[in-house]
Amino acid sequence: MPNLLKYIQYAGAIVIDNGAFIAQGQIDWYAGEEVDESRIGFSPPRHPVDNGIITNADDMELLWKHLFDKKLQCDTEDSSILLTEPALNSKGSREKAATALFEYFNIGALNLSTQESLALCASGRNTGLIVDSGLYSTRIVPIYEGLALRHGIQRLDIGGQQMTDYFIQTLQDSGNGLETRRERALAANIKEEYCYVAQGFEGEARAFQEGHSLPTETGYTLADGKRITVGKEKVLAPEVLFQPHLMGLNGEAGIQHLAAASIAKSDVSIKDNLYGNIVLAGGSSMFPGIESRMQAEMTRLFPSPAKVGVHASAERKHSAWIGGAMLSSLSTFRSMCILAAEYDEIGPGIVHRRFL
Numbered sequence: 028m029p030n031l032l033k034y035i036q037y038a039g040a041i042v043i044d045n046g047a048f049i050a051q052g053q054i055d056w057y058a059g060e061e062v063d064e065s066r067i068g069f070s071p072p073r074h075p076v077d078n079g080i081i082t083n084a085d086d087m088e089l090l091w092k093h094l095f096d097k098k099l100q101c102d103t104e105d106s107s108i109l110l111t112e113p114a115l116n117s118k119g120s121r122e123k124a125a126t127a128l129f130e131y132f133n134i135g136a137l138n139l140s141t142q143e144s145l146a147l148c149a150s151g152r153n154t155g156l157i158v159d160s161g162l163y164s165t166r167i168v169p170i171y172e173g174l175a176l177r178h179g180i181q182r183l184d185i186g187g188q189q190m191t192d193y194f195i196q197t198l199q200d201s202g203n204g205l206e207t208r209r210e211r212a213l214a215a216n217i218k219e220e221y222c223y224v225a226q227g228f229e230g231e232a233r234a235f236q237e238g239h240s241l242p243t244e245t246g247y248t249l250a251d252g253k254r255i256t257v258g259k260e261k262v263l264a265p266e267v268l269f270q271p272h273l274m275g276l277n278g279e280a281g282i283q284h285l286a287a288a289s290i291a292k293s294d295v296s297i298k299d300n301l302y303g304n305i306v307l308a309g310g311s312s313m314f315p316g317i318e319s320r321m322q323a324e325m326t327r328l329f330p331s332p333a334k335v336g337v338h339a340s341a342e343r344k345h346s347a348w349i350g351g352a353m354l355s356s357l358s359t360f361r362s363m364c365i366l367a368a369e370y371d372e373i374g375p376g377i378v379h380r381r382f383l
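Under my numbering, read the sequence shown as residues 28 to 383, first letter to last.
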């Protein structure tokens, strides 16, 4: 997104959609896309962010230093930073972020915005229901005039990582052994390339099982020449978003039922706006067919006169960052921030006063 990157740099703010990982190796550490398992041996990567919450402040500082010094090549002193956070972020995580950014990087101003509200902003809306499916979980968040309605937030502990693990399991069950660590790491790429959301899951899964020509199986050749066949696994992995019991999460509701529960908990005066503005976001919402399937599921759950509208932009994988770029470009953005002088006077607890 080079145009957006230039735009946000011109606006004088740095937008960080927080997440990524680091690993120890032959040098002190690698970060983000530098983590190549072929060169770091068997040292497992560490994740300083878990479901959007900072769990290791020291590692988080290393990641941000990597971002500022190597990627953006910018001086953070007196810079304005917009940092994304999940809805219902912990107090400790917020304070760790503020402490590191103000005291270690000496930034001039900080804004904390929820990933879900920014994703909605990127869609051109300020009221709606966000279904945000990330790496480790999927959150359903009702938003009214830019503010997340905490009482209606729902969460499903299924994201891209759990779907990849289930995808590997189903391939192994079908006799496609992914034996080495590198082969298992490739499973996420195979999943993203071939998997899709079925419109009639039972029928399509049965067609694969019975060997029908439609839908077709796909062959994938690994670097060592080993060939694996991807059949019903194409629809099984993403289906767990709608039917969590497929991967053993009995009693867990799918995203369609969680969305319905979220709307049910919202004030009657905004329900029509939520019905009509269901917005998909996050990297694990990128499967083909998910928009039309969600539309069909929600229409079934909310028959007429409710007017259900499900929306999924092509850029939704990066919608939180795009929304942050839009927000930070406003001439009033700095007034939405904690300034360094305010932080120095009150301390990290100021984040709870300024950002509800």
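No residue lacks a Cβ here, since even glycine has one placed at the ideal position from N, Cα and C. It should be emphasised that the depicted structure is a prediction, and the values quoted were computed from it without experimental measurement.
For A136, the three-state secondary structure derived from DSSP is strand. Among the bridge pairs identified by DSSP, T256 is matched with G246. Scanning its chain for C-beta atoms nearer than 7 angstroms, with the 5 sequence neighbours on each side dropped, one finds around L139 the residues L110, E112, R121, V378 and F382, in chain order. In the DSSP assignment, G350 falls within the alpha helix (DSSP H) that extends over S346 to S355. Runs of the alpha helix (DSSP H) lying entirely within the segment 110-172, each at least 4 residues long, are 118-126 and 142-149 in chain order. Here the alpha carbon of L357 sits roughly 10 angstroms from the alpha carbon of A40. Under DSSP, the beta-bridge partners assigned to R182 are R166. Distance from the Cα of C222 is smallest, within the candidate group G186, E260, L307 and S150, for E260. The beta carbon of S107 lies closer than 8 angstroms to those of G39, A40, I41, I134, G135, A136, L137, N138, S355, F360, R361 and C364 in the same chain, with the five residues before and after it left out.
DSSP lists I80 as the bridge partner or partners of D77. V378: member of the alpha helix (DSSP H) spanning I377 to R381, first to last residue. S107 carries a strand assignment under DSSP once its states are collapsed to helix, strand and coil. Relative to the Cα of Y131, the nearest Cα in the group D184, D105 and G258 belongs to D105. Take the alpha-carbon of I170 and the one of L156: they are about 6 angstroms apart.
For L307, the enclosing beta strand (DSSP E) covers residues I305 to A308.
Closest in alpha carbon position to G204, among Y247, K97 and A367, is Y247.
As the crow flies, the alpha-carbon of N300 is around 13 angstroms from that of G173. By alpha-carbon distance to L94, the top candidate from G119, L128, K123 and N78 is L128.
Contact check for L145 against G351 passes: the beta carbons are separated by less than 8 angstroms. Judged by DSSP in its simplified three-state form, L268 adopts coil rather than helix or strand. The secondary-structure analysis by DSSP pairs H338 across a beta bridge with V306. Cβ-Cβ distances below 6 angstroms link T103 to F95, F132 and I134 in the same chain, with the five nearest sequence neighbours on each side left out; the list follows chain order. Look at V295 here: in three-state DSSP terms it is helix. Cβ contact annotation for T154 (same chain, cutoff 7 angstroms, sequence separation greater than five): I170, Y171, E172, I297, N300 and N304, in chain order. Within the same chain, Y221 and V257 come within 6 angstroms of T245 by CB-CB distance, once the 5 residues on both sides are set aside. Taking the Cα positions, A288 is about 41 angstroms away from K98. Membership of A280 in any beta strand (DSSP E) is not indicated, and neither H nor E is assigned to it by DSSP. Secondary structure of A175 (DSSP, three-state): strand.
Taking 8 angstroms as the upper bound for CB-CB distance, I167 and Q181 are in contact here, some 4 angstroms apart.
Distances from the alpha-carbon of G252 to those of L89, E210 and L176 put E210 closest. A straight line joining the alpha-carbon of S164 with that of Q100 spans about 32 angstroms. DSSP places A323 in the uninterrupted alpha helix (DSSP H) bounded by I317 to L328.
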